[in-house]
Ligand code: SAH
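In this note's numbering, the protein residues as written are 1 to 583.
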């Protein structure tokens, strides 16, 4: 895991125009508090605070949840490498923003290393692809530059190791199918189990006493345990009946084996001596006639019924409990299964698409009803490969992530006036740069009206195809693609998208541009392609932060006269807008 603690040092070979800084990079200290290995950064703007800066550092130092997922991929994650030709100091850390989420910023800049005075801001960034700097394997191939001292892998400090007893790169939990899968709810430390398991265990226990013992002693679910008990109950009831209905041992002819023809002679129906005056005879009936065996049989039946009823009710109770847990918004946990920094009362994550959107609405991250209904129409489960209703970014492969729902909500809310059709803008044209999963592209398409168009631009072909494929999963998505209302294209988003023949439809400018990856600057070509009036929502690296650790969303407005105004909105962590990886 060399790259986990060290930065890859390489040069930008493609961007020759950008000045290259030779100044040594100021060292970044690895923080010594616990790394939040399994949490995303503040996934919601609510409840976040300035200490997320520390979390960023930690995540960057140790890798985030998303990075862990990326480690599963055939090639390791790409690295974000700046134009630093000087060997990094030993405690420098690898950086790749893995999530797309808002971050706290206030204290961040103060702690950032500043660019040497008089030096041009560094804007060059290479998203190392291919064998150059693409993860672990490429690191092996990477050659240190001349004069560069050998880098050594540095283990974490004692405090870091102690704080993170389960490093994110080891998966210690094995989930066997049917045994505590992702959705199994543990009641009193045991999964509930199926009705089938209940019946099966009941059947085995009811036929054999040893069966009961085996089932009861070896049970692993509430179903098996209670099924075994129910079987025992039935067994006792059966024994009770057998004892009670045992034939009389004398006085009848049924059991006379000495019958002359080999058959049993029937009892003579008249062979009784009934005296109607003597029915109250204490020797002829009543409770006193109960033998010890009768008592035993009744006792067994009562105990049997008790055990049976108890077993069934215990199992039903466990199942009901399971249902309650599954239906509760936080799935039975005191806090929801989402990022740190969120409070249960302001939680955004849900267990269904509608719940997620309702929560975004309740927390005023979605403010306009038309935005809400657009989001409700697009099931995020078609776009996020896992945990689609959590307010977190999720890896979608190729080192990209689908952004957190609150980020998408914020983007759409800001762009809304330029997305929705109006008399001045009957057919809005929207460009989604870095379309990735295609989720936001779809939501945007729900808002542009019948005549509107949305184009998603990706620089990685398989991701462009992923967006298309995801949209095909729903009827509406299929229709949008078939009608040409939504198109996915492969290209470098930093250059916008110009294709008058295919996309022009009378004009080439975009009423709204959404950029889904952090740019080093507001690219000129994007500004040129922005309509007048038009709006761009773009994450940009902070100027005084050449490493791209801190980024802000910028809302760039172009008015009717072509005048451009930029507003800095809030701090975020996006994956970088880069060169396509070389293959
Ligand atoms: N908005 C998407 C993806 C966000 S991740 C979603 O939420 O699903 C950022 C995406 O930007 C990645 O898919 C990445 O491949 C893409 N990207 C990065 N640099 C790019 C560039 N120069 N041109 C086009 N797309 C780029």
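Cβ atoms here follow ideal geometry from the backbone N, Cα and C, with glycine treated the same way.
| Asked | Found |
| --- | --- |
| For residue 307, which residues from the same chain have a beta carbon less than 8 Å from its beta carbon, with the 5 sequence-adjacent residues on both sides left out? | 229, 230, 232, 233, 236 |
| By DSSP, does residue 366 sit in helix, in strand, or in coil? | coil |
| Considering only heavy atoms of the ligand SAH, does any lie closer than 7 Å to the CB of residue 586? | Any answer about residue 586 is impossible in this case: the structure gives the chain only from 1 up to 583. |
| Alpha carbon to alpha carbon, what distance is there between residue 468 and residue 477? | 9 Å |
| Quick one: Cα of residue 162 to Cα of residue 156, how far? | 10 Å |
| So, helix, strand or coil for residue 208, using DSSP? | coil |
| Please determine, among 447, 312, 189, the residue with the shortest C-alpha to C-alpha distance to residue 416. | 447 |
| Verify the contact flag: residue 398, CB atom, against every heavy atom of the ligand SAH, threshold strictly below 7 Å. | yes |
| What three-state label does DSSP hand residue 394 in the structure shown? | strand |
| What is the residue span of the alpha helix (DSSP H) that residue 223 lies within? | 222-244 |
| DSSP puts residue 481 in a beta bridge; with which residues? | For residue 481, which the question treats as bridged, DSSP gives no partner whatsoever. |
| Rank 473, 304, 558 by C-alpha distance to the C-alpha of residue 238 and give the top, closest one. | 304 |
| What first and last residue would you give for the alpha helix (DSSP H) that runs through residue 157? | From DSSP, residue 157 is part of no alpha helix (DSSP H); its letter is neither H nor E. |
| Looking at the strands, I want to know which residues DSSP matches up with residue 425. | Paired residues: none, contrary to the question. |
| Run through DSSP, which three-state label would residue 537 get? | strand |
| In terms of residue numbering, what span does the alpha helix (DSSP H) encompassing residue 412 cover? | 405-419 |
| Quick check on this structure: which residue in 272, 316, 271 has the alpha carbon closest to the alpha carbon of residue 222? | 316 |
| Does the separation of the CB atoms of residue 456 and residue 400 fall below 8 Å? | no |
| How about residue 369: is its C-beta nearer than 8 Å to some C-beta of chain D? | Within the model displayed, chain D is absent; a lone protein chain is all it includes. |
| Exposed or buried, residue 266, counting other C-beta atoms within 10 Å across all chains shown (16 or more means buried)? | exposed |
| Shorter than 7 Å, the distance from the beta carbon of residue 439 to the closest heavy atom of the ligand SAH, or not? | yes |
| Compute every distance between the C-beta of residue 435 and the non-hydrogen atoms of the ligand SAH, then say whether any falls below 7 Å. | yes |
| Taking the straight line between their C-alpha atoms, what separation do you get for residue 310 and residue 198? | 13 Å |
| Going by beta carbon distance, what residues of the same chain come within less than 8 Å of residue 180, once the five residues before and after it are set aside? | Per-residue confidence for residue 180 stands at a pLDDT of 47, beneath the threshold of 50, marking its modelled position as unreliable; the derived number appears in the next sentence. Same-chain partners within the cutoff: 186, 191. |
| For residue 558, is the classification buried or exposed, using 16 other Cβ atoms within 10 angstroms of its Cβ as the cut-off for buried? | buried |
| For residue 311, which three-state DSSP category applies? | helix |
| With a threshold of 7 Å (Cβ to nearest heavy atom), would residue 492 be considered close to the ligand SAH? | yes |
| Closer than 7 Å to a non-hydrogen atom of the ligand SAH - does that hold for the CB of residue 516? | yes |
| In the DSSP assignment, what are the bridge partners of residue 554? | 538, 568 |
| Taking the beta carbon of residue 440 as the centre, do at least 16 other beta carbons fall within 10 Å, making it buried, or is it exposed? | buried |
| Assign residue 272 to one of two classes, buried (16 or more other C-beta atoms within 10 Å of its C-beta) or exposed (fewer than that). | exposed |
| Can you tell me whether residue 270 is buried or exposed, with buried defined as 16 or more other CB within 10 angstroms of its CB? | exposed |
| In the structure shown, what three-state DSSP assignment does residue 144 receive? | A caution first: residue 144 carries a pLDDT of 47, below 50, which makes its placement in the model unreliable, though a value can still be read off. Residue state, collapsed to three classes: coil. |
| Determine, using beta carbons only, whether residue 356 and residue 348 come nearer to each other than 8 Å. | yes |
| Quick check on the burial criterion: 16 or more other C-beta atoms within 10 angstroms. Buried or exposed for residue 293? | exposed |
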